[in-house]
Amino acid sequence: MSQPSVLYDTLGPKGRRNVRIGTVIGVLVVLGIVAWVLWQLARSDQLEAERWGILFDTESGVPQSLGRALVNTLRAAAVGMALSMVLGAFLAAGRLSNHAWVRAPVSVVVQFFRGIPLLLLIFFVFLGLPQLGVSLNLFWSLVAGLTLYNMAVLAEIFRAGILSIDRGQSEAGYALGLRKTQVMALILVPQAVRRMLPAIVSQLVTLLKDTSLGFVIGYFELLRQGRSIVEFLGPRYGLQIYVGVAVMYIAVNLSLSLLARYLDRRTSRNPKVVSDPKTEEAEPVVPLGRE
Amino acid sequence: MTAIVENLDLYWSGFLTTLALSFWAGLLAFALGTLLAAFRVSPFPPLQALGTFYVETFRNTPLTVLWFFAVFALPLIDITLPSFFIAGVVALGLYTAAFVCEAVRSGINSVSAGQAEAARAIGLTFTQTLRLVVLPQAFRTVVPPLGNVWIAMVKNSSIGAAFGITELTAVATRLVNTYPADVIAVFAGSATGYLLITIPSGLLLGVVERRVVVLR
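Residue numbers (my numbering), protein chains in the order written: chain E, 8 to 298; chain G, 22 to 237.
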């Protein structure tokens with residue numbers, strides 16, 4: 008709040024009084040909304056302690072199955088992350104190649120997978136490939152879809168990171184007699200990684216969120232598990248289970264997002280990262296693909 | 022190929038549904054996102070907190086979960102949205118609003134403080150500063166990220182296939198069993214539909230970007 012803003016000057020006594028009045032009104036409005044929501048919930052008996060208690064009641068088996076579902080979610084995300092990082096690195100190298108016959112097809116692959124919805128890819132792997140004689144189980148269908156999409160997005164992030172390094176760096180490398188591979192591995196990649204880290208992590212958060220698409224094909228991640236618990240226990244605990252699932256997703260994603268922000272702050276303090284005045288203002292949080 | 026030719030009308034209606042869903046959700050997201058951005062840059066702490074809370078919550082919730090809430094959880098508290106389409110517009114719009122808010126906010130913050138200081142120094146009032154100096158510059162910075170948000174949202178609208186909306190992705194899942202020999206064509210048809218929206222959007226965005234770009 009104390010930070011200077013573009014929009015208004017440091018406030019004088021009258022301005023501070025107005026802000027105080029506005030603050031009081033704002034607090035009242037926000038409290039009013041919260042109270043209204045709580046009242047609505049209470050009216051339909053959704054606030055009963057017993058209903059919420061099911062999320063922590065180990066005898067009902069709910070916390071255990073949600074825990075297993077969380078593991079399923081994280082497992083799909085981890086495998087997808089690892090595969091798409093590796094494949095993305097190869098694709099980025101392909102797009103930066105000096106040979107047009109490598110560059111052109113790789114560019115087509117990247118642009119294609121980046122341009123179509125992830126869910127369509129997952130459906131293609133899950134429903135389409137079996138017709139062509141390739142049957143993957145639920146886990147690998149989801150992971151394959153996630154990988155195909157995210158490898159393309161990550162390839163673009165990697166490529167942008169490499170290209171953002173000052174040309175003098177690679178020229179100096181060549182002047183020393185390094186080969187192209189050496190320039191890449193010893194000079195460009197180490198600098199680019201530092202600069203790309205926030206963008207990479209926020210893309211990985213996106214990937215983690217997208218594991219919830221497993222729900223659509225029936226992979227037992229958090230959301231599908233929540234749904235099946237509710238089908239088993241009946242609608243009495245519906246809202247509570249769903250809110251529990253949402254909170255678990257938000258908690259995991261938020262901690263990864265905070266990690267991204269921390270890395271961003273740490274790297275921007277690092278004097279080794281030569282800041283490019285043009286990219287400094289740009290938020291890396293909204294990457295080229297979907298959020 | 023027969024799969025596409027025989028079902029061209031199905032693809033066309035799916036395409037229109039995707040477009041309509043994206044359009045209405047985009048409108049909702051733009052209105053709400055701009056309002057939230059105004060909250061976040063306002064001098065009132067509770068409004069700032071509300072804006073921050075909204076953005077952090079909706080940005081970190083998977084869209085599938087939001088959509089799921091709109092369709093399955095709201096009826097549990099006696100709020101039933103009139104149709105799957107409306108539920109989709111609400112879920113997609115509320116989700117995207119968080120990203121619109123961040124784009125607009127970073128646009129406003131990218132206007133250098135000197136600009137507003139100069140405006141105040143020559144005696145412009147708060148609204149004049151905003152209308153004549155800050156917003157015109159912020160708007161230009163906001164165009165490229167907003168365009169990316171739009172393209173991402175068009176692709177995100179595919180999740181509607183899982184929640185009762187017959188848009189492009191749902192068309193492919195419906196046809197895949199009828200034309201097992203044509204799977205690639207069936208999916209390529211839907212993919213083409215998306216590319217027909219995203220590629221022109223991207224090109225248009227590039228044109229607008231070049232025309233409104235400000236050099237600082």
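Ideal Cβ positions, reconstructed from N, Cα and C, are used throughout, including at glycine.
Query raised in the report: Taking 8 angstroms as the CB-CB cut-off, is G/Leu-31 touching chain E?
Result: no
Report task. Look at E/Gly-135 and G/Phe-208 and say whether their C-beta atoms are less than 8 angstroms apart. Result -> yes
Query raised in the report: Helix or strand or just coil, what does DSSP make of E/Ser-104?
Result: coil
Requested in this report: Report back the beta-carbon spacing between E/Ala-7 and E/Ser-209 to the nearest angstrom; my notes put them in contact at under 8 angstroms.
Outcome: Only positions 8 to 298 of chain E appear in the structure, and residue 7 of chain E is not among them; the question remains open.
Query - CB of E/Val-223 within 8 angstroms of CB of G/Ala-183, strictly - result: yes
Query raised in the report: Going along the chain, which residues of its own chain have a beta-carbon closer than 6 angstroms to the beta-carbon of E/Leu-128, five neighbours each way excluded?
Result: Gly-152, Leu-155, Tyr-156
Query raised in the report: Thinking C-beta only, is E/Gly-87 closer than 8 angstroms to E/Val-150?
Result: yes
Requested in this report: Can you have a look at G/Met-22 and say buried or exposed, based on whether 16 or more other CB atoms are within 10 angstroms of its CB?
Outcome: exposed
Requested in this report: Using beta-carbon positions only, say whether E/Asn-144 and E/Leu-215 come within less than 8 angstroms of one another.
Outcome: no
Requested in this report: Flag this pair as yes or no: are the beta carbons of G/Phe-154 and G/Ala-137 separated by less than 8 angstroms?
Outcome: Here residue 154 of chain G is Val; the residue named in the question, Phe, does not match the sequence. It is a contact, given that the beta carbons lie within the stated cut-off.
Query raised in the report: Exposed or buried, which one is G/Leu-37 when buried takes at least 16 other CB atoms within 10 Å?
Result: exposed
Requested in this report: Excluding the 5 residues preceding and the 5 following G/Val-163 in the sequence, name in chain order all residues of the same chain whose CB lies nearer than 7 angstroms to its CB.
Outcome: Ala-124, Val-125, Gly-128
Query raised in the report: Taking only beta-carbon atoms, is E/Arg-297 less than 8 angstroms away from chain G?
Result: Low local confidence applies: a pLDDT of 41 at E/Arg-297 is under 50, so the model's placement there is unreliable, and no value is given.
Query raised in the report: G/Ser-179 touches chain E at which residues, Cβ-Cβ below 7 angstroms?
Result: Pro-124, Leu-126, Leu-127
Requested in this report: For chain E, find out if any of its Cβ atoms is closer than 8 angstroms to the Cβ of G/Phe-44; answer yes or no.
Outcome: no
Query - Burial state of E/Gly-181, where buried means 16 or more other Cβ atoms lie within 10 Å - result: Before going on, a small fix: residue 181 of chain E reads as Tyr here, not Gly. Label assigned to E/Tyr-181: exposed.
Query raised in the report: At which residues does the alpha helix (DSSP H) containing G/Ala-46 begin and terminate?
Result: 29-62
Requested in this report: Would you verify that the beta carbon of G/Tyr-75 is, or is not, closer than 8 angstroms to some beta carbon of chain E?
Outcome: no
Query raised in the report: For G/Ala-119 versus E/Tyr-249, is the C-beta distance shorter than 8 angstroms?
Result: no
Report task. Using alpha carbons as the reference points, say which of G/Thr-117, G/Ala-212, G/Ala-193, G/Leu-68 lies closest to E/Phe-119. Result -> G/Ala-212
Query raised in the report: Can you check whether the CB of E/Thr-274 is closer than 8 angstroms to the CB of E/Leu-204?
Result: yes
**Report entry** Option nearest G/Val-92 by Cα separation, candidates G/Leu-40, G/Ile-180, G/Leu-145, G/Leu-167
**Finding:** G/Ile-180
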